[in-house]
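Residue numbers (our numbering): 14 to 102. Note that CB positions come from ideal geometry on N, CA and C, so glycine has one too. Note that the coordinates shown come from a computational prediction; the quantities given were computed from them, not determined experimentally. Working notes, beginning with the structure itself.
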Amino acid sequence: MAWTIEIDDQALRQLRKIGHSEAARIRDFLRRRIAILGDPRSTGEALKGSALGEFWRYRVGDYRLICKIEDARLVVLVVAVGHRREVYR
Numbered sequence: 014m015a016w017t018i019e020i021d022d023q024a025l026r027q028l029r030k031i032g033h034s035e036a037a038r039i040r041d042f043l044r045r046r047i048a049i050l051g052d053p054r055s056t057g058e059a060l061k062g063s064a065l066g067e068f069w070r071y072r073v074g075d076y077r078l079i080c081k082i083e084d085a086r087l088v089v090l091v092v093a094v095g096h097r098r099e100v101y102r
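Below you can see the structure in the form of structure tokens.
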């Protein structure tokens, strides 16, 4: 079962702001490590808290991807991309 990766407009702008090599590394991670999984929850960690419980965090070097997993559509929606010291603010 293959998952589709979608990137939110805000996350796309954030991805364009980081360096080309890091952005390519993140895209490669999404394509080769997340999209092919049977369950994308087997990698990464769930965010904690009542408002953040539906979001998952993936680590790619010093960058973090905040994603929402939509089981009904088999979509992993990337909602934020940022350096680990800034992404959670």
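For a test of the three-state rule: what should DSSP assign to I31, helix, strand or coil?
Mapped onto the sequence shown, residue 31 falls at position 18. Here I31 sits in coil by DSSP.
Those residues which DSSP pairs with A59 across a bridge:
Locating residue 59 in the sequence shown gives position 46, counting from the first residue. In the DSSP output, where bridge partners are listed per residue, A59 has W69.
Would L43 be called buried (16 or more neighbouring beta carbons within 10 Å of its own) or exposed?
Numbered from 1 along the sequence shown, position 30 holds the residue referred to as residue 43. Under a 10 Å Cβ-count criterion, L43 is classified as buried, with 16 or more other Cβ atoms of the shown protein chains found around its own Cβ.
By the three-class DSSP mapping on this structure, what secondary structure does I18 have?
Your numbering for residue 18 matches position 5 in the sequence shown. I18 falls in the strand class under three-state DSSP.
Neighbour-count burial assignment, R77, 16 or more Cβ in a 10 Å radius
Position 64 of the sequence shown, counting from 1, holds the residue named residue 77. With a 10 Å radius around the Cβ and a threshold of 16 neighbouring Cβ atoms, R77 comes out buried.
According to DSSP, simplified to helix, strand and coil, what is L50?
Walking along the sequence shown from the start, residue 50 turns up at place 37. Coil at L50, not helix or strand.
For the segment 25-40 and the segment 58-65, state whether three or more C-beta atom pairs, one from each stretch, are separated by less than 8 Å.
Contact fails between the segment 25-40 and the segment 58-65, because fewer than three Cβ pairs, one in each stretch, are under 8 Å apart.
Under the DSSP definition of a beta bridge, which residues are partnered with L78?
Within the sequence shown, the letter at position 65 stands for residue 78. Answer by DSSP bridge pairing, in chain order: Y71 and V94.
Among V92, R98, I79 and V100, which residue has its Cα nearest to the Cα of D22?
Here the question's residue 22 lines up with position 9 in the sequence shown. Minimum Cα distance to D22 is reached at V92.
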